[in-house]
Amino acid sequence: MIFFALGKKIHKYAAADAQWINLGECDFFVLGELWRPRTARNQSTPRVQSQKIRLISEKDQKVTIPSANFQTKHTQHELPGDDLTQGRGTPDKANVFKSISKLLDRLSQRLENPGLDTEINNLHNTTISVLLYYLSMLNRADLQAAFNNISGTSYKEETVRNMFLEALPQVGTTEAALFVLELIQSQTVSDITAIQLLTHLPFHVRKPDVQLLLGLQPLLNLHNKISSEVQHTGILTFGTLVYKTCLSFCPYEMLDDYVKLYLDKFTESKEYEKKMVWLEGLSNIQLGRVVEFLEPIASGNSAESRHLRVLAAWASLPTAPLRPDVIYPVYWPILVNRTEHLEMRVAALTLLIVSNPTPSRLISLYWYLKGEPSRHLYNYFYTTLKSIERTKFPCYTHMGGIAAQFARILHKPVPNEHIITGNYLFDYQDSRRNFGALINGIVIANSLTNIPEVAYITLHNHGSGLDLNHVALYIKAEGLLHAISTNVNDMSFSTRVEDILKQFKFKHQPNSPVHLEIIAYVQQKAVLCLHLNQTNLIKAFKYVSTLQDSTYHVYQSMEFHVNQQRIHVPLTMESIQVTDLGTNVRLAVTANSLFSMRGNFTHISNGRNNHVILRTSIHGTQVLENYNPFNDLWHAAERAQSIHGYLPVNITFGFQEKLFFSYNTPEDKLRAGLIAHVRTVTNIRGYKVQSKLDTLCSNCVDLYTVKRLPHKTSTSNNIFVFKAPELGGLFGVTVFDCEDRIPTEEFMIADVLSSHQSNCRIWPLLETVLLGLHFFDYLSYVPPVGSCGLEVYVEPISSLSSEIRFEYTKKDKYHMLALTRRHLNKVEILQQWNIAIAYDITSWISDTLRIKASKSSSPNEKVMKVCIEGERETPWDWDFLSTKPSEPSSIKLNIIWGPADSAKGKCSGSSLLMQLTGEVTDEQIADSKKDIWPYNECQAQSKDKTFVPYTEACYEASREMSTLRKYKISIAHENLPTELLKLGWKLRALYDLVGGNSSKKSPNTDEMAVVATFPKDSSSGELLFNGEKIKTEFSSSFINSMLVRSRLHKYMDSPFLRSFFSTCILTPSAIKSSNNISHTFEQDKEKLIIARCDDNKPRFILSAVNKGDFVELTLDDETDRIILDSNGEGGTVHNHTHPVPVVRNFEFSYIGSKWVRMDKKTVDLVFAEILLFVHWSKEQVLLFYPNYIQEFVCGYCTLQGPNTDGLYDKL
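Residues in the sequence shown are numbered consecutively from 1, following the UniProt record's numbering.
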């Protein structure tokens, strides 16, 4: 729809229709249509438009026009610059200052208004966009004057100042950018504010040019008085400005000079952090010969540290697809050099893959990595291929076919190894509109410990052929756990352990220095660089240790207030075109957001009060507007989306006989929550628009909401309302300002699901996340037509404020909880819940849980009581690797509830009894008797032995016999309420709908039984409902992670423990290290099993002696010498030469930081210092310990190859 004005009437025509428009003296015949963009594809379709003028009447009239008034004009239309009105609608400075003041005051006032605003026009206010428009009209002197006018200290002036500074770097003009530099040079703003100003600045400059670049060059040499963090941000910001300027135009010599300047500064710097910043600034330039200058830094011949070489490699990622000729000769030698660090080889492999390699180079990568001995590098390559195999991301789809071929013939990594290093890529794409998102996570673990040391996370949105959102975070943390274990653990030490260690031949473990890096990227440009080393971390540990003595003082005396606002304008795309009438048309897509956090944190008589108000406002528009030069008005068609949030928090917590926290509900039923609204409108705006409309068209409105059925009134409906009187409020979901039926609403879900194409085979659980991202992006690209809103809110149930108080105390074995609601300043209790919880461990395999809750309101009402009794029996066998079928597991839950006269006594009324039983299936038992792996191999390995050896086959056999794959749930009930009975009938109807037959069981029965079986290595299961068999499909990987396991596998089959814990096995004949390397264990020889061997004091030593038919184990620390020995039948425990009195009843006894328990044949020892667990038996000793200690320990358990040097033997 195009609007225009001529004379004293506003005329409009629909460009799609042919129609006559009466203009008085002449008629215009309009045919055809303008160029019109097509939804999210942003493709334009040319349409022919012609105009015919037919004179209706002719009248002679003598008009004298002085020739001096004529001006010569070219017939070619020139598009306007920043001023779209071309001088017609520019306000004077006084009005600009006045408007800015009003806009800032309006933003501040909106933060003062309590409650969730539901006024439609307020939801779609464009205050931030208009503020940026007026700020763009000011020069540096004007900006300084505006800043001085709001530089006060009151709460409101602080808010206004925050929002002015937040908007300033996003104005985008040269004057605003130079004013930011002045604020930083004069240190007018704080360091944090200066960093925020510089971070936003380069991404919002509208017209970068050489003069602006020269004007901002002082960012490279800020005064030493300015903090180093601000200086570093200035270096990164200027690099991005060089890129933006020279991408459009700058002399090549200037670009080359800046590149050399950054390189020289990098070379001259002595501090690592300075070098890192100059290197990232160089990568931000990204043009010219940057890649060529990064090449020698990353190459194997570089003298720079490994960390800088890696950063130089990662810095080449954005330009790698454009320069395969530079990437291949540099990074192929790094990849094939097996002495290089793992991260360096991973970076080289990534660059070789993303640099548009030829098929022959991809085949070379495959053939080389097929035989790669590094499990971590191989797993990275494998996960990369599996991620790219079905990717929908446009930059990688061309590699999907060949990646799928390689992935099919590559052998899969061993599943039990759980290697963390990998390239995990998840993405989706809308197949109809071609927008989508990508989440890419590169994780690099320590090749020795499998502990992640590097994480490179990227979030990428794309649509309309544009890179809309590209943010990344790079984190490297090497030696961190080692430093924490050394500095946090203040265990005393002497020379005793050190003297014992000297009796063995051992290899000194070098210290792993702490190296922590954090780099944040926006649009592939570094905006934050942070580096911490050993010295920084030790200072931090010392500071934290000093806080322990003053914690209560800080809790009691610390008071502060928070007043922070954040304005963000992440997206502005616009195009200025000209119509056939010669007027200017602006097509724009904009988005902006405002976040506010204001509050006070104070100490009061009985605790601490935390009162904070969180607000957020997100606004997006797609607008087509046409300027009318005759009356200085804009006519626009606009589609807008907005999201607003309001969350007040007023919590008090403390210790007043009981641990408690409380909050107060707001008065006057003020709502808190989230509200979203979309609308399509046409509007007329401009200077004194209402008075002009009154003159031209008295019946016209300046804002009109477009609806499918304009004559129908918009409706509001409550979708869901849930009252919680005990919490003082209600939760509701409301749809408002909507038409009765919106055509796209009923098809939206089906449209998204049918067009959703995702790639998340590595982690299928992320499918839900990707689908949620798709719905969010769908509403951004294809919002509903017309007007409609959704409100999710929490509202007090009373207009009077009340206090909700939670209390906790422990009395004997009972945990007592109380929830009370009362009016403020009144003793009367409105509602109260009292809950008593008792948990008892009745044996090694059973425990009970009892809960009693009672609710009371007014004295005349009955008390509502709920009693829950639960009993659990979990099978356990201290014979960790037994291959016998596990005993069943059971849970019994009895719930009784109903009204009573008193809270005392037992519960009565309705009851629900549920029993869950898990057991090994008959098929599992039958398979264990067959001559198949792993059972046959385990039987051969166990032949002539009185124990089950810890081997791969026996571990798998034991795991399967410890996995419960059959579950039975039985439910019985009495006196159920009508609502629950109706729910039962609905479930039965649903069961019949999917093919069941509930009529086989009497509908009046009070029992129900369900049996589910999950076979091994299958996604097809069996479900019995009241005896009727139903075939089901399930995700085997998900179900296997949820199945109940017993024995050792209850813990060790956890993916987390398998990834980050290791196992070492000792027998009278051999020692098997955690790297699966076996070594002969000679009789009467003493071996060093595990000890701390770095530059710090040893602290502990674990040694072993082969006594012929058993292994004697000795653990030495600074206070004790624990010896695990044999008395012929079972184990004994000595501390030095004194027997330790340990009762053989499965209970742990404490010896300092060590725990010991015994039974008839085994001894278990836990050493809390390093989380070491020892399971000693006469036949074999099992050691379980965290991987991270392998950085600083040595011994037979850590060997990675044959022990040719006789290490770890006693001298």
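Ideal placement from N, C-alpha and C gives every residue a C-beta, glycine not left out.
Nothing here was measured: the structure is a model prediction, and the numbers come from that model.
Assignment of residue 1060 by DSSP, reduced to helix, strand and coil, places it in the helix class. Rounded to the nearest whole angstrom, the C-alpha separation of residue 623 and residue 760 is 36 Å. When DSSP states are grouped into helix, strand and coil, residue 1042 belongs to the helix group. By the neighbour-count definition (other C-beta atoms within 10 Å, threshold 16), residue 938 is a buried residue. Around the beta carbon of residue 249, fewer than 16 other beta carbons sit within 10 angstroms, so the residue counts as exposed.
Counting along the chain, residue 167 sits inside the alpha helix (DSSP H) bounded by residues 155-167.
With a threshold of 16 other beta carbon atoms within 10 Å, residue 933 falls short and is exposed. Here residue 325 carries a helix assignment [DSSP, helix/strand/coil]. For the pair residue 1021 and residue 1012, the CB atoms are nearer than the 8 Å cut-off. Annotation: the continuous beta strand (DSSP E) that includes residue 1011 extends over 1007-1013. Shortest Cα-Cα distance from residue 1171 to any of 1188, 289, 207 involves 1188.
Separation of the CB atoms of residue 420 and residue 440 is rounded to 16 Å, and the pair is thereby denied contact status at 8 Å. Around the beta-carbon of residue 983, fewer than 16 other beta-carbon atoms lie within 10 Å, marking it exposed. Just measuring C-alpha positions, the residue of 1123, 1192, 427 sitting nearest residue 390 is 427. Here residue 284 has 236, 239, 240, 243, 525, 526 as same chain residues with Cβ atoms under 7 Å from its own Cβ, once five neighbours each way along the sequence are excluded. Between the region 649-667 and the region 766-786, the count of Cβ pairs shorter than 8 Å is below three; the stretches do not touch. Residue pairing by DSSP puts residue 914 in a beta bridge opposite 893, 971. For residue 375, the enclosing alpha helix (DSSP H) begins and ends at 375-389. Residue burial is scored here from C-beta neighbours: residue 326 has at least 16 other C-beta atoms within 10 angstroms and is therefore classed as buried.
Straight through space, the alpha carbons of residue 853 and residue 902 are spaced by roughly 12 Å. Listed in chain order, the non-local C-beta contacts of residue 380 below 6 Å within the same chain comprise 346, 421, 422, 423, local neighbours out to five positions each way being set aside.
For the pair residue 140 and residue 97, the CB atoms are not nearer than the 8 Å cut-off. For residue 257, the enclosing alpha helix (DSSP H) has its first and last residue at 252-268. For a cut-off of 8 Å, the C-beta gap from residue 717 to residue 701 is around 27 Å, too long to register as a contact.
Cβ neighbours of residue 1108 within its own chain (closer than 6 Å, five residues either side excluded): 1083.
Residue 1100 has 1117 as its beta-bridge partners, per DSSP. Note that the C-beta distance between residue 334 and residue 300 is below 8 Å.
With respect to the 8 Å criterion, residue 643 and residue 674 are classified as neighbours on the basis of their beta carbons. DSSP places residue 1176 in the uninterrupted beta strand (DSSP E) bounded by 1172-1177. Under the criterion of beta carbons closer than 8 Å, residue 849 and residue 835 do not qualify as touching, at roughly 13 Å.
Separation of residue 1122 and residue 337 (C-alpha to C-alpha, rounded to the nearest whole angstrom) is 46 Å. Per DSSP, residue 1168 lies in no alpha helix (DSSP H) and is assigned neither H nor E. Of the candidates 176, 151, 1097, the residue whose Cα lies closest to the Cα of residue 142 is 176.
The C-beta of residue 387 has 16 or more other C-beta atoms within 10 Å across all chains shown, which makes the residue buried. Contact annotation, residue 594 with residue 564: C-beta distance approximately 11 Å; criterion of less than 8 Å not satisfied. Taking all protein chains in view, the Cβ of residue 1137 is surrounded by fewer than 16 other Cβ atoms within 10 Å, so the residue is classified as exposed.
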